[in-house]
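Colleague:
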Amino acid sequence: MDCIFCKILSKQIPNYTVYEDDHTLAFLDIFPCVKGHTVVIPKVHAETLFDVSDSDLSALTVGVKRSMEKIQTVLQPNGFTVGWNHGSAGGQAVPHIHVHIFPRWDKDGGGSMHSIIKKTGEIDVAALAKQFI
Ligand code: 5GP
Ligand code: ZN
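Using the numbering used here, you'd call the opening residue of the sequence shown number 122 and step up by one each time.
1) Span of the beta strand (DSSP E) holding Thr169?
2) Does the beta-carbon of Asp172, which I'm using as the reference point, lie nearer than 6 Å to any heavy atom of the ligand 5GP?
3) By the DSSP assignment, the alpha helix (DSSP H) with Phe152 in it spans what residues?
4) Going by the beta-carbon positions, is the gap between Arg225 and Phe253 smaller than 7 Å?
5) Give a yes or no on whether the C-beta atoms belonging to Ile222 and Val246 are separated by under 7 Å.
6) Do you know how far the Cα of Asn206 is from the Cα of Ser179?
7) Cβ of Val215 within 6 Å of any heavy atom in the ligand 5GP?
8) What's the call for Pro163, buried or exposed, on a 16-neighbour Cβ count within 10 Å?
9) So, is Met234 buried or exposed, given that buried needs 16 or more other C-beta atoms within 10 angstroms?
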């Protein structure tokens, strides 16, 4: 499989491990956006969240929590921003699902999730809600 994260799992490519268990591996991002930027991956190849089984997703969520606890202990950030880029339109470059963990510090200059995209005033929420009934 020509997947860079599968190559990290098979140790063809080295990594700086933050946390590992039977189902997940968390390692430092090689091009960090912030000190301690970590990616957490399932040990089974899956492109997006839709391709992950519920049991693997449960394990991945635990891996994210354990990784955050480790980062909290080592770096003592004031908070975290956590999420994943889903699909190319969502900014996903590596087609093996991975959760980004950004440790955050007070006044670190970064924004919240809301700073990724903002279409305030263009969206009729009440009309949109009818599509979900
Ligand atoms: P994406 O844009 O797909 O959500 O994020 C992919 C992330 O993987 C990027 O932040 C990028 O820096 C990181 N990355 C890509 N290749 C490697 C690698 O070989 N090693 C590590 N540690 N991180 C990588
Ligand atoms: Zn993979």
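Cβ atoms here follow ideal geometry from the backbone N, Cα and C, with glycine treated the same way.
Modeller: According to the structure shown:
1) The residue labelled residue 169 in the question sits at position 48 within the sequence shown. No beta strand (DSSP E) contains Thr169, which DSSP labels as neither H nor E.
2) Here residue 172 refers to the residue found at position 51 of the sequence shown. Asp172: no, Cβ never under 6 Å from the ligand 5GP.
3) Along the sequence shown, read from residue 1 onward, the residue named residue 152 stands at position 31. First-last for Phe152: undefined, no H or E at that position.
4) For this step, residue 225 is matched to residue 104 along the sequence shown. For this step, residue 253 is matched to residue 132 along the sequence shown. No. Outside cutoff.
5) Mapped onto the sequence shown, residue 222 falls at position 101. Mapped onto the sequence shown, residue 246 falls at position 125. No, Cβ-Cβ distance for Ile222 and Val246 is not below 7 Å.
6) What you label residue 179 is simply residue 58 of the sequence shown in a count that begins at 1. What you label residue 206 is simply residue 85 of the sequence shown in a count that begins at 1. Rounded to the nearest angstrom, the two C-alpha atoms are 18 Å apart.
7) Stepping through the sequence shown from its first residue, residue 215 is reached at position 94. Val215 Cβ: within cutoff of the ligand 5GP.
8) For the purposes of this step, residue 163 is identified with residue 42 of the sequence shown, where counting begins at 1. With 16 or more other Cβ atoms within 10 Å, it is buried.
9) Here residue 234 is taken as the residue at index 113 of the sequence shown, counted from 1. So Met234 counts as exposed.
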